[in-house]
Structure formats: C-alpha cells, structure tokens
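Heads up, the thing below is written out as structure tokens.
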Amino acid sequence: MASAACFLHHHALTTNGRSSSLSPSLRQVSNMKPNQQVVCKAQKQEDDGSLVPRRLALTVLIGAAAVGSKVSPADAAYGEAANVFGKPKTDTEFMPYNGDGFKLSIPSKWNPSKEVEFPGQVLRYEDNFDTTSNLSVMITPTDKKSITDYGSPEEFLSSVDYLLGKQAYFGKTDSEGGFDSGAVATANILESSSSSVGGKPYYF
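Mapping to full-length UniProt numbering: the sequence shown position 98 is 98, numbers consecutive.
What follows is the structure, encoded as structure tokens:
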C-alpha cells in the first residue's frame, strides 16, 4: 500500500523579531529561502499481516449473519408461489365455495365450466390454462344409510371407477412412455383409507 505525504511551511509564520518565542521547528522555517520548493513524496508502507482487509471482514460478517438467521421452509401448495420468507400466508389463492350440502376450496384461477361429464354432476371447475385439470361434484341418490353399506373403500371404488376413465383405444401402441404395451391411459389408486368425522364415516 502506498501513501503520499506533503508538508507545507508558510514563511509568514515567523519573523526575526519573534523567532525566539516560537518552537525550534517553526524557527527553522524562517531559514528557508523564498524560492525553495515544497517536497511531496510517496512511499510504500509495509503490509501488516495483523490487519484484516475490509472486504474480508465484510464477507465474514455477512456469512455469520446468514448462518445465524432462522431458516423456514418455503411451503407452497401446487400452483402457489413459494413462501420464501416463511411467514404465514393470509391469501391462500383458493376461494371458498358453499354448495347445497357441501363446501370446498377452489383454486382462484379456475373458472366454472358448463360441461357435464357424469350423471348427477352439480358443479364443475377447470383450470384456465389446462382444461384436463378440473374438479367435479356429483350428487347421486342412494338408498344406503351409510357409506359403509357399500363395503370396503376398495369395493366402493369399483362401483365408481368410471370416474377414473376407461380404456377406449384397443389398438396396438407403445407411444405413451411408462404405460404397458397397448395401453394409452392408466390410473392407479396409491392409497385408500376411512375416517370418522362427527360420528359420520368417510372414505378417502
């Protein structure tokens, strides 16, 4: 690191009559000739290894702040923006819907649809961007007193499996990766369970 030092001594600081009352360093100024130049010189200073550069200190400070800060998960449901700062969200991007005998939350960017796919359908919403993402509510009259009268969840599912789609193409194809040869669509039930809410059984 280099530094520059300049020293300027003004000749008017001393006179011959007052020179005895001033300090020796100021008395020497009067001995300078009027045409003498002031000298400035730069010199290289020795680097002191004990001094910490400012950039290094700032880097260490920022790193310590990052390590010491609380990290929260950026929880986000499908279709929602990530909650980067971990604060509770008041806007869940879902809108409540109260129907006749049912309540549900619909993604706010979905629109109502007039398409009727299944018997007993009373409500259908679909995604603005992808119409294959949709929800439907069907109400079907029954003489059963409880959902358990349909049997186990798997037995009940076999009576409404048309909701998951049926194989409609019977040609030969291997074009849809991941499916069996000759199959163009498939649905698998990964998990089923039952629960009781308010004394009323439900299948999930």
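Quick reminder that beta carbons are idealized off the backbone N, C-alpha and C, glycines included.
Roughly how many whole angstroms lie between the Cα atoms of residue i and residue j?
i: serine 194; j: aspartate 161; result: 18 Å
i: lysine 200; j: serine 181; result: 43 Å
i: residue 206; j: phenylalanine 102; result: Since the first residue of the chain shown is 1 and the last is 204, residue 206 is not available in this structure.
i: threonine 142; j: glycine 151; result: 14 Å
i: alanine 66; j: tyrosine 125; result: 44 Å
i: glutamate 117; j: tryptophan 110; result: 17 Å
i: serine 159; j: glycine 63; result: 60 Å
i: threonine 173; j: lysine 144; result: 42 Å
i: leucine 61; j: proline 53; result: 12 Å
i: aspartate 127; j: leucine 56; result: 51 Å
i: glutamate 155; j: aspartate 130; result: 32 Å
Taking C-alpha atoms, which residue in the options lies nearest to residue i?
i: lysine 114; options: Val197, Pro96, Asn134, Met95; result: Asn134
i: asparagine 188; options: Leu58, Phe129, Leu163; result: Leu163
Roughly how far, in whole angstroms, is the beta-carbon of residue i from the beta-carbon of residue j, given that I think they are within contact range, below 8 Å?
i: threonine 140; j: glycine 120; result: 4 Å
i: serine 136; j: leucine 157; result: That pair is no contact at about 16 Å.
Near residue i, which residues of its chain fall below 6 Å by C-beta distance, leaving aside the five closest residues on each side in sequence?
i: serine 196; result: none
i: leucine 190; result: none
i: valine 204; result: Here residue 204 is phenylalanine; the residue named in the question, valine, does not match the sequence. For phenylalanine 204, where only same-chain residues beyond five positions count, the Cβ hits under 6 Å are Ser193.
i: proline 112; result: Tyr125
Name the two residues that bound the continuous beta strand (DSSP E) containing residue i.
i: serine 126; result: Just to set this straight, residue 126 is glutamate in the shown sequence, not serine. Taken as a continuous stretch (DSSP letters only), the beta strand (DSSP E) holding glutamate 126 covers 121 to 127.
i: serine 196; result: 194 to 197
i: phenylalanine 102; result: 102 to 107
i: phenylalanine 94; result: 94 to 99
i: proline 112; result: 110 to 112
i: proline 141; result: Careful: proline 141 lies outside any beta strand (DSSP E) and carries neither H nor E.
i: proline 201; result: 200 to 203
For chain C, find out if any of its Cβ atoms is closer than 8 Å to the Cβ of residue i; answer yes or no.
i: serine 158; result: You won't find chain C in this structure, because it holds only one protein chain.
Could you name the residues of the same chain whose beta carbon sits closer than 8 Å to that of residue i, not counting the 5 residues immediately before and after it, in chain order?
i: serine 105; result: Thr92, Phe94, Met95, Pro96, Tyr97
i: glycine 99; result: Val122, Leu123, Val137
i: serine 108; result: Glu93, Phe94, Met95
i: proline 153; result: Ser192, Ser193, Ser194, Tyr203, Phe204
i: threonine 59; result: none
Leaving out five residues on either side along the sequence, give the residues of the same chain with a beta carbon under 7 Å from the beta carbon of residue i.
i: threonine 148; result: Pro201
i: glycine 17; result: Here glycine 17 scores only 48 on pLDDT, less than 50, and its place in the model is too uncertain to base an answer on.
i: glycine 198; result: none
i: serine 146; result: Pro201
Counting along the chain, where does the alpha helix (DSSP H) carrying residue i start and finish?
i: proline 153; result: 153 to 159
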